[in-house]
Structure formats: C-alpha cells, structure tokens
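Below is one structure, written out as structure tokens, with a few remarks after it.
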Amino acid sequence: MKTGNLMLAILMILGLAVAASAMDKDEALHGPTAYVPEATSPMLITGGDCTDPIVISSLPANLTGQTNCGYGNSYSATCLGSYDGGEDVMYRLDLAVETTVDIVLTTTSTWTGMLLDNNCPPDASGCIAFVTGSSGNKTLADKTLAAGSYWIMIDTWPTPNCIPTFSLSITEDVPPPPPPANDVCAGAIDLQSFDTNVFTVDLCAGYTNNYDAGGTAGCTGYTTAGKDATYKIYLDAGENLTASMVSAHDSALWLVTDCAAAAATCVAGADDTLANGIETISYSAAAAGWYYLIIDGYGTDACNVATVTIDAPVANENYQWGGVKAMFK
Ligand SMILES: [Ca+2]
Ligand SMILES: [Ca+2]
Ligand SMILES: [Ca+2]
Ligand SMILES: [Ca+2]
C-alpha cells in the first residue's frame, strides 16, 4: 500500500538519521548489534534479576568464576547505553555503615559494562556510576556510599551476548589517617608547651605541603614545596627568636605572622644549605603577636625527620626550657 510504503520510507530515513547521529568510535568498532530477547518472566536463578540478586553483605568480597550467561537479558534500558543489550547478572551490596569501595570486574571478554545504582531495576540515566568499554577490566573506584543497599549489574553490548567467566571484587578503601593537627597553622603547636628547646618532627608522618615561601622573591630565596609542619610562639615587641633545623632532606624554615598570606607576611626565612645542612633564622619581633614557624623543605613534597632547635624567651611562670630561660631584649 502506498501509505504503508511512505511510512516505511519515513521510518527508514528516521532510522538512518538516528544511526548517523549516534555513531561514535565505539559503534564503528563494535559493528552490528545483536539482539538478545528480553526476559519476559522472572529468572529462576539467583542473580537473574532484581527480585533475587546475589547478595554481598561483607567486605572484602572476591567472587571468582562468575558469569551472566544463562541469566537472561532482564534489563536493557539502563545507564549502560548500548552495553546493556546482553544477558545481565544482578548483585546487591548491603552496607551497614558508610563505606568507600572499589569495585573491579576482571574479564577477558569484550564489550562489557558494569553499573552501580541505588535502584533496581537500574535507572535509565543517573546511575551512581558505570563503566563500559570494548576490552579490559572495569573499575569503579573510590565510591563513597551511605549505609543501605546498592545494585551492581554486569552486562554486554552484544555480541558477545554474555560473559562466560569473570571475577568481581569489592574492597573497602581505607582512607589514610588525617594529617597531624599542626600540618596547618590552625593546629600549630605552641613552642612553649614543649619541655625542651630541641625536638624532632617526622615531616613524612602524614604532613602535607600547605605553605610555600615563593621563589627568589620569597624569604627563603627558593620555593618551599616540601611537606610542612607548623609551630607558634607569642613574642612581645623586641623579643628575639632564633630557630634552626637540620634534616636529611634539603630543609627550609621560615617565620610568618599570617599563615593565610604566609609568603607575604614572612619576617624571616632560611634555605642556605642543602641536605643535612643546618638552616637558621633569627628574628627580633617588630610587634607583639603570634608568630608561626614553618618547618619545611625545598623539594616537591620533600620530607624527613627534622631536628629543630629553638632559642626564645620563656615566660617566667613557665620555665620549661632549661637552657633558654633568658629574655633576649
Ligand atoms: Ca541486559
Ligand atoms: Ca603542612
Ligand atoms: Ca611547604
Ligand atoms: Ca636547605
């Protein structure tokens, strides 16, 4: 019939237009898509669909010898795009507390996809995360999930219609401990709280690089891109502070009045020697106030155990540094 032919022609043109606009590199590589008939009744196999997922309730989970062949194509309108036309297997991850996880699909199969979502069936768009690709393993890394249940679906862009064998591992990311409080000036340690004027600090023990004295225009003459620790001391106008440090790395130390503008408010700095050299600063307070001593280094993220020696005024009621009780007015 004429109308029928016209409709067919329109559909063909529309189809070609859609195909042309959606054609990307993956599609060009993949070739024709095969169609796996969608499962119309519940799959009577654990993992077959959302009603009976494979439940993972403790971590780490290392599931080897997994497959989705024979699990049916239950879902093909998910955030995986073309990568959900094959058979799919569903996992449910139950978390009792907020957890940061790494999810890794290991397989030699091609055209595989993996999604993570808090809904099942998975959302057509706006999954928590997904990963697809023509080859290789698939990783969803560093996903921080609140307590609750999550679904992981593993599928293919046919062909292949399914993945004969794969491994799924879910491991908890244990974040590194937070840096010491005196990594930044907000947690600077008052020098007069020490019972000695010589102390060590291991700049590699969680400290980070927060402060840079700048380049040639800065008060150390060089950048201080090393990891830094902060100390503070209250000086009256005219009081002197002498500080030195030595470390196996190319160390640097500097004294500032405002850590938020450390380079600009630096009043003394030293980076005159290389590794194992002694750096010394001496400063006579121009005004009363808190001064922040930054124990630092030259190289990017450089660190080591540093030995710091302080000569400074100690309040009369707080005689703690046996050898340095003098006021240097
Ligand atoms: Ca599917
Ligand atoms: Ca720091
Ligand atoms: Ca630094
Ligand atoms: Ca140095």
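Residues 52 to 380, numbered by the working numbering, are exactly what the sequence shown covers, in order.
Even for Gly, the Cβ is constructed at its ideal location relative to N, Cα and C.
DSSP places D77 in no beta strand (DSSP E) but in the uninterrupted alpha helix (DSSP H) bounded by 76-81.
Distances taken from the Cβ of Y262 to the heavy atoms of ligand 3 include one shorter than 7 Å. In summary, L144 is buried, with 16 or more beta-carbon neighbours lying within 10 Å of its beta-carbon over all protein chains present.
The beta carbons of I179 and A112 sit no closer together than 8 Å. In the three-state reduction of the DSSP assignment, N124 falls in the strand class.
The residue among T159, M141, A147, L306 with its C-alpha nearest the C-alpha of L167 is M141. Using a 10 angstroms sphere on the CB of S92, the tally of other CB atoms stays under 16, which defines it as exposed. When only Cα atoms are considered, L80 and I105 end up about 33 Å apart. With a cutoff of 7 Å, D279 counts as near ligand 2, since its C-beta is closer than that to a heavy atom of the ligand. The C-alpha of W305 lies about 50 Å from the C-alpha of G187. Along the length of the stretch 188-268, whole alpha helix (DSSP H) runs at least 4 residues long do not occur. Not one heavy atom of ligand 1 lies closer than 7 Å to the C-beta of S186. Annotation for V252 indicates a beta carbon at 7 Å or more from all heavy atoms of ligand 2.
With contacts defined as CB atoms closer than 8 Å, N355 and A299 qualify as a contacting pair. About 19 Å separates the Cβ atoms of T190 and D135, ruling out a contact at the 8 Å cut-off. Distance check between K278 and each of N233, C317, A294 places N233 closest, using alpha-carbon atoms only. Taking the Cα of T316 as reference, the smallest distance to any Cα among C130, N327, D263 is reached at D263.
An exposed status is given to E149, since fewer than 16 other beta-carbon atoms sit within 10 Å of its beta-carbon. The Cβ atoms of T157 and F217 lie closer than 8 Å to each other.
Judged by DSSP in its simplified three-state form, C310 adopts helix. Here the distance from the Cβ of N170 to the nearest heavy atom of ligand 1 is not below 7 Å. Of W341, G99, M94, L110, the smallest CA-CA separation from D224 is found for L110.
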